[in-house]
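Input: a single structure, listed below in C-alpha cells.
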Amino acid sequence: MAKLDTQFFGLSLKTPIIIGSSGLSSSVEKIKQFEENGAGAVVLKSIFEEEIYYAYQEELKKQLIGHHNLEHLDYFDYEIKTDQIQKYLTLIKDAKKQGVSIPIVASINCSSSNDWIFFAKKLEEAGADAIELNMFVLPTDIERSSEEVHYYYYSIIRKVVGSVSIPVSVKLSPYFSDLAGVLRDISEMGIAGITLFNRTYNIDIDINNKELVPAMILSHQFEYLQSLRWVGIMDKIVSCELSASTGIHDVETVIKLIMAGASATQVVSGVYKNGFGFVKELVVKLSEWMDENGFESIEELKGAANSINVKNPAWYERVQFMKYFGEYDQ
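The letter at position 239 of the sequence shown is residue 238 when you use numbering that gives the first Met the number 0, and the numbering goes up by one with no holes.
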C-alpha cells in the first residue's frame, strides 16, 4: 500500500489532504471528524484584525471621547484583542486536551506588523502546531511602489518568524508583477511552506439595484489551474515546501497538483459541497491510484510532472492560445 505521509508546515502529516482555513473547523467535534476521515492537518479560520476591531468599534469610540490617558487606551486596546481571540485560543486548547493528534494550524490576517506578532505569540501559547500567515494586499494604490509592497510582506514575515518558535507558513495571492522572484525571496526567510494561492473575496454587480454583491463564494473545479502552473514552475526554485489551494473537487486534481510539485493540498469547497466523507474519499482514491500506477510514496509522486521533469517545460510558461485558436474563424 502506498505511503501517504508528507511534509508541510514544517510538520509530518499522515496524508497530503489539509482542511483549508474556513468555518469547517469551528469546533473540536468537527476537527475530530476530519481527523477520523484522514485529513493530514486542519487550518483554522483566519483571525481577521478588522473583525476584531469592528465588534468593539462603538465602545472604543466611547472610550476615546474626552479621554486623554494614552496608557488607558493601550490597556483597552489590549483587552479588546484578548477578549475577541479568547474563543479561538480556547478551541485550540480544547482540541489538544481532547486528544486531537493531527496538526492544528492557526491562521491570521492583520494590517499592522505589531498585531501579527501579538496574535502569533498568543496562538503559540495556546498550543497551535504552526501558524499560517494569510497575506494579501490588493495592489490598487498607484502611489505605493512595488518595493513598498514587497517591504510590507517581507518585514511582517521576518518579524513573525523571529517572534515564535513554532513553524510559520505563508498563504499568498498571485498579484505580484514579479511573482516568481517574490516566492523565491519569501521561501528564503525561514518559513516552513508557501500555499498557492489564497482565494480572494469576489464581487459582482446587482444590475437592478446597482449594488455590489458577493460572487462565487465556493470555488469551481477549473480554478486549480493557476495553482497548478505556479507550483510546477516554482517547485525547484523555492527553498521550502509548497502546497496548493483552490478548485480541488476530486482526487484527479489532488494527483495533478502533487505531480506538479505540491507536498500537500488544501481543500474547502469540496467539503462544503460533499461533506466530511469527501476527505476520506480523496484519501482512499489517492492511495488506490498510487498503487495502480506504481507510486510507493507521496515523495516519489511529488514533482513527477514539474517544469524540470515534463518533456516540454515551456508549456508551463505558455500564455497565448497560438496552437488552439490561432486559426479559429467563425
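We put the beta carbon where it would ideally sit given N, CA and C, even for glycine. All values derive from a computational prediction rather than experimental measurement.
Residue 41 and residue 150 have their alpha carbons spaced roughly 30 Å apart. Residue state for residue 38 is assigned as coil, using DSSP reduced to three classes. Taking C-beta atoms under 8 Å as the contact rule, residue 188 and residue 212 fail to qualify, at a distance of about 38 Å. DSSP places residue 220 in the helix class (H, G or I) of the three-state scheme. The C-beta separation of residue 279 from residue 37 comes to about 5 Å, placing the pair in contact by the 8 Å criterion.
Within the model, the alpha-carbon separation for residue 88 versus residue 18 is close to 18 Å. Boundaries around residue 252 are those of the alpha helix (DSSP H), 250-259, since no beta strand (DSSP E) includes it. With respect to the 8 Å criterion, residue 46 and residue 108 are classified as neighbours on the basis of their beta carbons. Partner residues in the beta bridge of residue 132, as assigned by DSSP, are 107 and 169. Runs of the beta strand (DSSP E) lying entirely within the stretch 255-310, each at least 3 residues long, are 263-266 in chain order. Straight-line spacing of the CA atoms in residue 215 and residue 268 works out to 11 Å.
When only Cα atoms are considered, residue 240 and residue 6 end up about 8 Å apart.
Where residue 186 is concerned, there is no enclosing beta strand (DSSP E), although the alpha helix (DSSP H) around it starts and stops at 178-186.
Excluding the 5 residues flanking it on each side, residue 277 has same chain C-beta neighbours closer than 6 Å at 269 and 270, in chain order. Straight across, the Cα-Cα distance linking residue 261 with residue 114 is about 30 Å.
Boundaries of the beta strand (DSSP E) harbouring residue 212: 210-214, taken from the DSSP string. Contact between residue 233 and residue 304 does not hold, since the beta-carbon distance rounds to 14 Å and is not under 8 Å. Under the three-pair Cβ rule at 8 Å, the stretch 120-136 counts as touching the stretch 187-204.
Membership of residue 155 in the alpha helix (DSSP H) is indicated by the continuous run 145-162. Looking at 176, 105 and 119, the one whose alpha-carbon comes closest to that of residue 138 is 176.
In this structure, residue 198 sits away from residue 264, with a CB-CB distance that is not shorter than 8 Å. Taking the C-beta atoms as reference points, residue 186 is found no nearer than 8 Å to residue 106.
In this structure, 168 is the residue among 96, 93, 85 and 168 with its C-alpha nearest to the C-alpha of residue 20. Between residue 94 and residue 163, the CB-CB gap reaches or exceeds 8 Å.
Residue 104 is positioned such that its CB atom lies closer than 8 Å to that of residue 43. Exposure of residue 144 is indicated by the presence of fewer than 16 other C-beta atoms within 10 angstroms of its C-beta.
With fewer than 16 other CB atoms across the displayed protein chains lying within 10 angstroms of its CB, residue 317 is exposed. Residue 225 is positioned such that its CB atom lies no closer than 8 Å to that of residue 166. Beta-carbon to beta-carbon, residue 281 and residue 253 are separated by about 6 Å, close enough to satisfy the 8 Å threshold. Residue 235 has its alpha-carbon roughly 13 Å from the corresponding atom of residue 242.
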